[in-house]
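Since the structure comes first, as structure tokens, the remarks are kept for the end.
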Amino acid sequence: MISRRLICGKHVMIPAMTERRIMQAIEDQIPHLYRYARFLEATPDRADDLLQDCLERGVSRLDRFQAGTDMRAWLFAIMHNLFIDHARRRQRRGPHVPVEDWLAEIHQPPDQIDRLRLKDLDRALAALKPRDRWILHLVVIEGKRYRDVARELNIAIGTVKSGLSRARRVLAHAA
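Counting from 1 along the sequence shown, just add 105 to a position and that's the residue number in this note's numbering.
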């Protein structure tokens, strides 16, 4: 059975079995994509939006996916590019700080110093390059070895070490 799908404004004939396999392959990557989105974005809401945008773009551009290539790498590349687009858009607009948050920070009682430190840490993490943040996540949070991180990201071990060093230096200055 062959189904006819409208993808990117064109009707594409996709065998139903292939379509099911492709959609299942995309669905299998959702937990990995969400973890990456949560790592890239500062808030769960923005991570959800990034994941949704990534899945929408992936499904709408299935005609660009090359059979026989790595679906995970393709989706991660889409997410990475969307994250950069979103970050550039936010940078052009400037940071959004609700008036309530701004006023609350002016009148911080001393017992909320830890909360401010956490905000500083969040800002420092957000300031990291996405690759350095991901390296930090894989090594520190997931406990992966440098060699495994290098293999997963398809980069040299030295690049993993230098990215981790940069990330730690930025975080040390924030502390």
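Backbone N, C-alpha and C define an ideal beta-carbon position, used for all residues, glycine too.
The alpha helix (DSSP H) enclosing residue i, as first and last residue numbers
i	result
Lys-266	262-279
Ile-183	176-198
Ala-172	Careful: Ala-172 lies outside any alpha helix (DSSP H) and carries neither H nor E.
Gly-163	149-165
Leu-241	235-241
Val-245	Looking at the DSSP string, Val-245 is not in any alpha helix (DSSP H), and its letter there is neither H nor E.
Glu-257	251-258
Cβ neighbours of residue i in the same chain (closer than 7 angstroms, five flanking residues each side left out)
i	result
His-242	Phe-144
Leu-111	In this predicted model, Leu-111 has a pLDDT of only 46, less than 50, meaning its place in the structure is not dependable; the value taken from the coordinates is given anyway. Excluding sequence neighbours, Leu-111 sits near nothing in its chain.
Ala-147	Asp-227 and Ala-231
Arg-252	Ile-262
Same chain, Cβ closer than 6 angstroms to residue i, five either side skipped, listed in chain order
i	result
Lys-249	Leu-243
Asp-237	Gly-268, Arg-271 and Ala-272
Arg-177	Gln-134
Is it true that the stretch 252-261 meets the stretch 153-169, where meeting means three or more beta-carbon pairs spaced less than 8 angstroms apart? no
Inter-stretch contact (C-beta, 8 angstroms, three-pair minimum) for the stretch 220-232 and the stretch 171-187: no
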